[in-house]
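*Asks:*
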Amino acid sequence: MLTERIEKIRQSYVNNKPSISTDRARIWTESHKRTEGQPVCIRRAKAFYDTCAELPVHIFEGELIVGAIGEFRRCGILTPEFSWKWVDKEMDTFSDRAQDPYVITPEQREFVRREIFPYWKDKSLEEAFLARLPEETAKIGVDTGILDNDSKWRQSVGEITPDYQDVLFPLGFGGIIKKCESKKALLSPANAADQEKIEFYDSVIITSRGIILYANRYANAAEELAKAETDETRRSELLAIAENCRRVPENPPETFYEAIQFVWFTQIGGILTENPLSLNPGRFDQYMDPFYERDLALGIISEAKAEELIDALWLKYSEWVWTISANTADYFAGYNQFQNLTVGGKTREGLDGTNPVTFMALKATEEVKTHQPGLSVRIHQDCPEEFLAAVTELVSRGTGFPAIHSDSAGYQMLLNAGYEPDDARDWNNCGCVVPHYRKTGEWTAAVNMNFGSAIEYALNEGKSLMTGKEMGLKEKPASAFASYEEVEEAFFKQFKNLCYHSIVLTTTAQRVHVDMVPRPFLSSCMEACLEDGVDLSRGGAKYNVGPVITGIGLGVCANSLAAVKKLVFDDKVCTMGELAAALKANWEGYEELRAKAQAAPKYGNDIDYVDRIAIKIANTFYHEIHGYKDIFGSPFSTAFMGISNYIPMGRVLGATPCGRKNGEPSTEGVSPYVGTDTSTPLAAMRSAAKLNQEIHSGGTLLNLRLNHDLVATKRGQANLGSLIQSYFALGAFHVQFNTLSSKVLRAAQERPDDYRDLLVRVAGYSTQFVNLSKSLQDAIIARTEHAEF
Amino acid sequence: MALEREYKKEGSVMQIQHFSVNDGDGIRTTVFLAGCPLHCIWCCNPENAGCLDAEHRMTVDEVVGIVAKESIFFRNGHGGVTFSGGEATWQQGYLRALTEQLYDRGYSLSIETCGSFDFAGVSDILEKMDLIFFDLKHMDPRFHRLFTGADNAAILDNLKKVSGLGVRLVVRIPVIVGVNAYEENILKTCEFIAANAPAASLELLPYHRFGADKYVKLGLPGPDERYEELRVELAPGIAAERMDIPSDEMLEHFYDIAAAHGIGRISFK
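If you read the protein sequences in the order shown, they are chains A and B. The first sequence runs -16 to 772 under my numbering. The second sequence runs 168 to 436 under my numbering.
What follows is the structure in structure tokens.
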């Protein structure tokens, strides 16, 4: 049961459209005007400090956890230092764009155009990136839907899990300052190499002072409010808030309440410094439980109070809105910030780590129904039955939460990426389904690569089917292919070319990040950065894992190559030329051939004929990508994640031999093509598990829809638990379920006002169904529903 | 003298259904064997008779191979194989060969049976089951004959004998308004179970119409038409407009009757 306070905040979250605050951008810009010529890390640290010092304080009604990034409860901010151009271009339509609209007033627009954007002209990360990007890569990699990495140059990187366990909670930001000062004392400005480190430590000292100041300003404001407050209960709450903000994040937290406020201040610091994607709370149950158990023993907290604080934190996570371009919003739909919070799983020591906070986190997500945090669970083969039961019960609620991960596959993925076993065992999720660890610097969603384009270019002389533009490598006409092997070879030739450009996009972006956007605040949350005096953006983390290239359309490509093999070379029902003509005609006039193409073996039904092709594509992807190294010398990584990228990537993709038409969605992660996994979920799982998932250390994603009746009873949920364990026994990493009936989803589409809080799984994350564009809603309804037999 | 046990390497399979979750524990694979001694007018697998032809023949090894491939999904939650039909015991030699192979692999085995079989001939098979679903369709021999084409005396006798095997036993009643869904019949059923299969639990399966389309496809008169012909034989208190789905209240009432007889309820939903 939610408390009345939480329900009120929840209602406001569900019913309010997010608004943009320009305060952060204003202060950030003014600060930069004052620091021209100084080292860039110092400039950014000072801008952060000034923001902490000047940003108006907002304590909203009924809040127990405080700290706001702007004047609105549901609020987004602008980061013009990364990109102002897309904002300038798009903000006039912010309010009514199809995906993730924001409120921004005409006065605000006029203000930022007059006072903010002119300063950043020619100074933003976007402009530097585009200026450096080779033309041939830009042609295929900028706003094309073929290769997409705009979240890496129109936005910050994010993708960090602050280290509460070894840095933040033991030291507090006061302790971090002391550590930096003592480190600095050992360095000499006379030594050129030391100069950079001194600047780094100075930058961290400045940001640490900033976040402490920010908290103290909230303490002051809470005290002021308490003075004026007539309600006795609220008055004492405000005084408790003030006391918390005086102590944390400067000092190590002592109580559960302080710890949770500390977590939120850290999140605030991250947001203000770079408006990040995937700033992950990490293993919340592991670092919070000691406080809970201690407070419980001391009698200073009850389970209900702790639950209310967790609910309040969940709402805080959800009220912040990641301000992104319409293009990025297509890929990361649903106001999603990808703050991944992981519970359950083994401890560093290898014991089961579930504890009371694990269960409270599941309960909070079930009751408060927020789209954040992205709740992930780790399941190992010997995990407590109660935990698996709680997980499957939450699945049965239909919210798509939690994302369910195999403990051992995550461990294996990190081992393969070069982690120490103890660290690998301590993994948490980043973003949607990336196995990650808190001492890591990694671009976990570096580029989305449209696999389907390689099919298109192979069969259409290197050109886009829909635009006729030459986008791929030159190729002979499809009619000249004499064997299936030749077709496959042509596909891989185009495929490898896409890999190559993905690498260029990433390393170019990495270099501008090093030059332009050091990350002092987030570096202060990293043990090795503090130890070695190296910023995160320069590879300061203990582990610098190679950037992750995400493959989109594995299912479409496997199905398409299988259809070519079956129709043209095995059954000889048409020639290559006829097939290519059918694709060019978008199958119009070729209905009979299309029916045969649709009847060809489809990935997701445990049919080796086509699954073998999927495995070959996935393995080639890994080997090709892994052969490249990033600017720190780390080999690139691969993933088959979801996000909503299969929609925009499908939109630019012409008809494919699998029977798909122009512009229809592609496939996500390792999921089958919509509606073609017609056997059982077991067959879909089996196909997906064939893919050597553990080599793709950027994560793999399988989305399945189950008829709600299947999981309506305890027994049905227990069977779901068995299903999950079996899938993981096959070596798979992640699975996620939507259990809402198509009827409910259609009703929500027709009467959105009645279904504002209806959460659905998109891909790798859940969000409010009504916040998705019509096309994405349709795509979700179209996913195969596995009914009971 | 020891009984001569029949083994058949090949038999007729209607269908093999994976991810079966309502006929036993855990995630199961259901093997539908063709052939049935009864001819229930509501049968939801009327294609069964046609499945005895050559195109549905499968060897024991083929079936075991298909099942074994799914076995990873049995390991959690006590899943396994369920034999259904038709009447699973109809192809006795084939069922025996399948059962022994799967038993030796350690899979959990269940069977759904209409109870119409020669007990001495199949008891060795039934002993290898972890769970037996035993149908009781009607207690009144006249109505049993009317709706299934066979007498129920042997079936009732078999329930008693199966109960003696000590295998976990679930009695299932397909509850059909207009056929058997009336108090007197349920009362008699429960009395019989309590007296002859005291360890059995009861699962009521409400009638459904999912098989109706199959009759149209096969060009056979559907359950409703058959019922229309037969209903004149029924007492006015039992007959209905057509065979119908029982209400939840009715099912609860029947479970209450069972409880009053000390019979536990069970559900595999």
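Positions of the beta carbon are idealized from the N, C-alpha and C atoms, including for glycine. All of these numbers come straight from a predicted model, not from anything done at the bench.
Among A/Ile25, A/Val326, A/Arg230, A/His496, which has the Cα closest to the Cα of A/Tyr270?
*Replies:* Counting from 1 along the first sequence, the entry for residue 270 of chain A is found at position 287. The candidate whose alpha carbon is nearest that of A/Tyr270 is A/Val326.
*Asks:* Taking a contact to mean a Cβ-Cβ separation below 7 angstroms, would you say A/Phe24 touches A/Tyr197 in this structure?
*Replies:* Taking the first sequence and counting its residues from 1, one reaches residue 24 of chain A at position 41. Taking the first sequence and counting its residues from 1, one reaches residue 197 of chain A at position 214. Before going on, a small fix: residue 24 of chain A reads as Cys here, not Phe. Cβ distance not < 7 angstroms, so A/Cys24 and A/Tyr197 don't count as in contact.
*Asks:* What did DSSP end up calling A/Phe619 once you bin it into helix, strand or coil?
*Replies:* As a first step, residue 619 of chain A must be located in the first sequence, where it is residue number 636. Note: A/Phe619 maps to coil in three-state DSSP.
*Asks:* Name the DSSP beta bridge partners of A/Val374, please?
*Replies:* By one-based count along the first sequence, residue 374 of chain A stands at place 391. The partner list for A/Val374 (beta bridge, DSSP) is empty, contrary to what the question assumes.
*Asks:* What are the boundary residues of the alpha helix (DSSP H) that includes A/Ile532?
*Replies:* The residue you call residue 532 of chain A lines up with position 549 of the first sequence. Counting along the chain, A/Ile532 falls outside any alpha helix (DSSP H), though it belongs to the beta strand (DSSP E) covering 531 to 535.
*Asks:* Using a Cβ-Cβ distance under 7 angstroms, would B/Asn243 count as near chain A?
*Replies:* On the second sequence, residue 243 of chain B is found 76 positions in, with the first residue counted as 1. Yes, its Cβ sits closer than 7 angstroms to a Cβ of chain A.
*Asks:* Output yes if chain B places a C-beta closer than 7 angstroms to the C-beta of A/Ala392; else output no.
*Replies:* In the first sequence, counting from the first residue as 1, residue 392 of chain A sits at position 409. Closer than 7 angstroms: no.
*Asks:* State yes or no: is the beta carbon of A/Ser709 nearer than 7 angstroms to at least one beta carbon in chain B?
*Replies:* Sequence index remark: in the first sequence, residue 709 of chain A carries index 726 (1-based). Output row for A/Ser709: interface = yes.
*Asks:* Should A/Val495 and A/Leu108 be called a contact, given that it needs their Cβ atoms to be closer than 7 angstroms?
*Replies:* Walking along the first sequence from the start, residue 495 of chain A turns up at place 512. Walking along the first sequence from the start, residue 108 of chain A turns up at place 125. Yes; because the gap between Cβ atoms is below 7 angstroms, this pair is in contact.
*Asks:* When we look at the beta-carbon of A/Gln700 and count the other beta-carbons within 10 Å, is it buried (16 or more) or exposed?
*Replies:* Translated into positions along the first sequence, residue 700 of chain A becomes position 717. The residue in question, A/Gln700, is buried, as its Cβ has 16 or more Cβ neighbours within 10 Å.
*Asks:* Evaluate A/Ser2 with the Cβ neighbour count: other Cβ atoms within 10 Å of its Cβ, from every protein chain shown; 16 or more gives buried, anything less gives exposed.
*Replies:* One-based indexing of the first sequence puts residue 2 of chain A at position 19. Answer is buried; the Cβ neighbour count reaches 16.
*Asks:* My parser needs the beta strand (DSSP E) runs of 3 or more residues fully inside the stretch 349 to 376 of chain B; what are they?
*Replies:* You should have 368 to 373.
*Asks:* Looking at chain A, is there any beta carbon in it that lies within less than 7 angstroms of the beta carbon of B/Gly431?
*Replies:* On the second sequence, position 264 is the one that residue 431 of chain B refers to. Answer no: the Cβ-Cβ gap between B/Gly431 and chain A never drops below 7 angstroms.
*Asks:* Classify B/Arg409 as helix, strand or coil using the three-state DSSP reduction.
*Replies:* On the second sequence, position 242 is the one that residue 409 of chain B refers to. Note: B/Arg409 maps to coil in three-state DSSP.
*Asks:* To which residues of the same chain is A/Phe342 closer than 7 angstroms at the C-beta, ignoring the five residues directly before and after it?
*Replies:* The residue you call residue 342 of chain A lines up with position 359 of the first sequence. The answer, listed in chain order, is Ala373.
*Asks:* Would you mind giving the Cβ-Cβ distance between A/Ala295 and A/Leu47, rounded to the nearest angstrom? I have them listed as a contact below 8 angstroms.
*Replies:* Working through the first sequence from its first residue, we reach residue 295 of chain A at position 312. Working through the first sequence from its first residue, we reach residue 47 of chain A at position 64. That pair is a contact at about 5 angstroms.
*Asks:* Could you give the DSSP three-state label for A/Asn431: helix, strand or coil?
*Replies:* Locating residue 431 of chain A in the first sequence gives position 448, where the first residue counts as 1. Looking at A/Asn431 - three-state DSSP - the assignment turns out to be strand.
*Asks:* Name, please, each residue of chain A whose Cβ falls closer than 8 angstroms to the Cβ of B/His185.
*Replies:* Counting from 1 along the second sequence, the entry for residue 185 of chain B is found at position 18. In chain order: Ser662, Thr663, Leu665, Ala666.
*Asks:* What are the residues that DSSP puts in a beta bridge with A/Cys413?
*Replies:* As a working note, residue 413 of chain A is residue 430 in the first sequence. Answer is A/Val417.
*Asks:* Could you confirm whether any beta carbon from chain A is found closer than 7 angstroms to the beta carbon of B/Ile239?
*Replies:* Along the second sequence, read from residue 1 onward, the residue named residue 239 of chain B stands at position 72. Yes - at least one Cβ of chain A is within 7 angstroms of the one on B/Ile239.
*Asks:* Would you kindly check if the distance between the Cβ of A/Lys422 and the Cβ of A/Tyr526 is under 7 angstroms?
*Replies:* Start at 1 with the first residue of the first sequence, and residue 526 of chain A comes out as number 543. Start at 1 with the first residue of the first sequence, and residue 422 of chain A comes out as number 439. It is a contact, given that the beta carbons lie within the stated cut-off.
*Asks:* Given that B/Ile194 touches chain A, what residues does it touch there, using C-beta distances under 7 angstroms?
*Replies:* Position 27 of the second sequence, counted from the first residue, corresponds to residue 194 of chain B. Ordered by position in chain A, the residues that pass the 7 angstroms Cβ test against B/Ile194 are Asn702, Ser705, Leu706.
*Asks:* Going along the stretch 680 to 701 of chain A in order, which residues come within less than 9 angstroms of chain B, judged by CB to CB distance?
*Replies:* From the stretch 680 to 701 of chain A, only Asp692, Leu693, Ala695, Thr696, Arg698, Gly699, Ala701 have a Cβ closer than 9 angstroms to chain B.
*Asks:* Going straight from the alpha carbon of A/Met668 to that of A/Leu519, what length do you get?
*Replies:* As a working note, residue 668 of chain A is residue 685 in the first sequence. As a working note, residue 519 of chain A is residue 536 in the first sequence. C-alpha separation (whole angstroms): 38 angstroms.
*Asks:* Beta-carbon separation of B/Ser179 and B/His223 under 7 angstroms?
*Replies:* On the second sequence, position 12 is the one that residue 179 of chain B refers to. On the second sequence, position 56 is the one that residue 223 of chain B refers to. Yes; because the gap between Cβ atoms is below 7 angstroms, this pair is in contact.
*Asks:* Report whether the distance from the Cβ of B/Val346 to the nearest heavy atom of the ligand FAD is below 6 angstroms.
*Replies:* The ligand FAD is absent from the structure shown, which contains no ligand whatsoever.
*Asks:* Name, please, each residue of chain A whose Cβ falls closer than 7 angstroms to the Cβ of B/Gly246.
*Replies:* Within the second sequence, the letter at position 79 stands for residue 246 of chain B. Ser705, listed in chain order.
*Asks:* Around the Cβ of B/His375, are there at least 16 other Cβ atoms within 10 angstroms (buried) or fewer (exposed)?
*Replies:* For the purposes of this step, residue 375 of chain B is taken as residue 208 along the second sequence, with counting starting at 1. The residue in question, B/His375, is exposed, as its Cβ has fewer than 16 Cβ neighbours within 10 Å.
*Asks:* Shorter than 7 angstroms from the beta carbon of B/Lys436 to some beta carbon of chain A?
*Replies:* Residue mapping note: residue 436 of chain B aligns to position 269 of the second sequence, counting from 1. Chain A contact via Cβ: present.
*Asks:* Short of 7 angstroms in beta carbon distance, which residues of its chain neighbour B/Asp318, apart from the five on each side in sequence? Order them along the chain.
*Replies:* To locate residue 318 of chain B, count along the second sequence from 1; it is residue 151. Correct list, in chain order: Pro308, His311, Arg312.
*Asks:* Which runs of the beta strand (DSSP E) fall wholly inside the stretch 19 to 86 of chain A and span at least 3 residues, in chain order?
*Replies:* Here the runs fully enclosed are 58 to 60.
*Asks:* Nearest-angstrom Cα distance between A/Glu774 and A/Val70?
*Replies:* The shown model of chain A, from -16 to 772, leaves out residue 774 of chain A, and the question about it has no answer.
*Asks:* For A/Val40, which residues of its own chain have a beta-carbon under 7 angstroms away from its beta-carbon, when the five flanking residues on both sides are left out?
*Replies:* On the first sequence, position 57 is the one that residue 40 of chain A refers to. Closer than 7 angstroms at the Cβ level, and outside the excluded window around A/Val40, lie Arg200, Tyr201, Ala204.
*Asks:* With a threshold of 7 angstroms between beta-carbons, can B/Val180 be considered close to chain C, or not?
*Replies:* No chain C appears in this structure, whose protein chains are A and B.
*Asks:* Near A/Asp390, what residues of its chain come up, given a Cβ to Cβ distance below 7 angstroms and the 5 sequence neighbours on each side ignored?
*Replies:* Sequence index remark: in the first sequence, residue 390 of chain A carries index 407 (1-based). Once the five neighbours on either side are set aside, the close Cβ partners of A/Asp390 are Gly328, Lys329, Arg361, Ile362, His363.
*Asks:* Between the Cα of A/Ile233 and those of A/Leu255, A/Gly50, A/Ile194, A/Leu208, spot the shortest distance and give me the residue it belongs to.
*Replies:* Taking the first sequence and counting its residues from 1, one reaches residue 233 of chain A at position 250. Note that residue 233 of chain A is Glu in the sequence shown here, rather than Ile. It is A/Ile194.
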